[in-house]
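Using the working numbering, you'd call the opening residue of the sequence shown number 1314 and step up by one each time.
Cβ coordinates follow ideal geometry from the N, Cα and C atoms, glycine included.
Quick notes on the structure that follows.
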Amino acid sequence: MSHRLFEDKAQVSAYKRHRVSPPETIIGAIMGFLESKQKEKPFTQALDVGCGSGQGTVMLAPHFLEVVGTDISPAQLEVARAECHPANVSYRECPAEELPFPDGSADLVTSMTAAHWFDWPRFLSEACRLLKPGGCLVLLSYTMDMELRYRDCSDRLNAVCAQFYEALRPYRPAHLGPCSRLLYRDMYESVPFPDKKWCDGVQQWCSMPLSRFMGIVESFTSYQLLLKRDPRAAQALSHGFQSRLLELMAVSSPDTVVDVATNYFYFMACKPAAAD
Ligand SMILES: C[S@@+](CC[C@H](N)C(=O)[O-])C[C@H]1O[C@@H](n2cnc3c(N)ncnc32)[C@H](O)[C@@H]1O
Ligand SMILES: *[C@@H]1O[C@H](CO)[C@@H](O)[C@H](O)[C@H]1NC(C)=O
């Protein structure tokens, strides 16, 4: 079963405004891995499946003749297409489980913070079919426990963040299990390519106004599900959270800039070259 979300305009625009792009260091590591497996250059095609509004898709453009972002949500794709993107990036509306591309056509198939919504066995078999021999499948995501840093109160802020994440836990979709890292670890184990690598602990720090951090946590699916179920409770939770953070920071404006860390993990797997 796959899961239809991100179809709601308000969630999509909140998503676009607030989410951060994946770290350039991970894109570099992916290209290094691919280059060590696949000697024939230039690389012709990369597919970014579940591309959303295309934040990660465009980061692949310098390395390929063509990059195609695919997503099931027309609302997400509308935002992606409206953004300024390189001429060799395009977008297609299609499910991850039925990708309209020929066998052996892709050098790279990525999915960034999206594969946990797919029907995994069907997506995996599509990815295996689409990849060229020596091509790579890469999935990346991050954990929900974003960290804050501000002057000398970081520990206290993070304790309040932990309570907020805990309060959202009951609204987390059941299929995601307690922790997305474990879910991805299972996906990793099930990739049938022997040549694969799990990478963890990539922390990206970003400075942003506290209001943008609030926007990010409010774009989390568990918060959005609570918001649908009980808008008042959701708003009270988020308002209370922001007030406590401001109080600890001893400031009144949500425009105050804080440092925010996102913890990424990813895996890369190379399709075996055809035996000859
Ligand atoms: C959390 S967003 C990630 C977007 C983007 N890759 C990023 O890194 O910001 C997940 C995306 O997966 C898409 N999605 C969910 N299920 C899908 C499916 N079965 N096939 C294709 N896309 C899907 C959603 O529409 C959404 O845009
Ligand atoms: C694709 O577009 C990017 C960004 O404009 C560019 O750097 C890259 O060279 C292009 N790729 C090709 C093969 O033209």
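Would you identify the three-state DSSP class for residue i, choosing helix, strand or coil?
i, result
"residue 1380", "strand"
"residue 1568", "coil"
"residue 1314", "Unreliable positioning characterises residue 1314 in this predicted model, as indicated by a pLDDT of 43, which lies under 50. A coordinate reading is not provided."
"residue 1338", "helix"
"residue 1548", "helix"
"residue 1642", "This structure does not reach residue 1642, given that the chain is present from 1314 up to 1589, and the question cannot be answered."
"residue 1353", "coil"
"residue 1578", "strand"
"residue 1508", "strand"
Looking at the C-beta of residue i, does it have a partner C-beta in chain C at a distance below 8 Å?
i, result
"residue 1546", "This model lacks chain C altogether; it includes just one protein chain."
Tell me whether residue i counts as near ligand 1, meaning its Cβ is closer than 7 Å to at least one heavy atom of that ligand.
i, result
"residue 1386", "yes"
"residue 1430", "yes"
"residue 1410", "yes"
"residue 1427", "yes"
"residue 1369", "yes"
"residue 1362", "yes"
Just list the residues that DSSP pairs residue i with in beta bridges.
i, result
"residue 1425", "1453"
"residue 1537", "Answer by DSSP bridge pairing: none, since residue 1537 is not bridged."
"residue 1462", "1572"
"residue 1406", "1384"
"residue 1444", "1419"
To the nearest angstrom, how far is the alpha carbon of residue i from that of residue j?
i, j, result
"residue 1556", "residue 1563", "10 Å"
"residue 1568", "residue 1333", "17 Å"
"residue 1399", "residue 1374", "7 Å"
"residue 1537", "residue 1577", "22 Å"
"residue 1483", "residue 1356", "44 Å"
"residue 1426", "residue 1493", "10 Å"
"residue 1514", "residue 1582", "18 Å"
"residue 1379", "residue 1423", "14 Å"
"residue 1467", "residue 1516", "16 Å"
"residue 1587", "residue 1445", "9 Å"
Run the proximity test for residue i: is its beta-carbon closer than 7 Å to any non-hydrogen atom belonging to ligand 2?
i, result
"residue 1254", "No statement about residue 1254 is possible, as the shown extent of the chain runs from 1314 to 1589 and does not include it."
"residue 1401", "yes"
"residue 1437", "no"
Please look up how many angstroms separate the CB atoms of residue i and residue j, rounded, as I've assumed it's under 8 Å.
i, j, result
"residue 1369", "residue 1404", "Actually they are not in contact, since the Cβ atoms of residue 1369 and residue 1404 sit about 13 Å apart, beyond 8 Å."
"residue 1431", "residue 1410", "7 Å"
"residue 1343", "residue 1473", "Contact flag wrong, Cβ pair sits at about 35 Å."
"residue 1622", "residue 1573", "Because the chain here runs from 1314 to 1589, residue 1622 falls outside it and cannot be looked at."
Cβ of residue i within 7 Å of any heavy atom in ligand 3?
i, result
"residue 1355", "Summarising the ligand content, the structure contains ligand 1 and ligand 2 and does not contain ligand 3."
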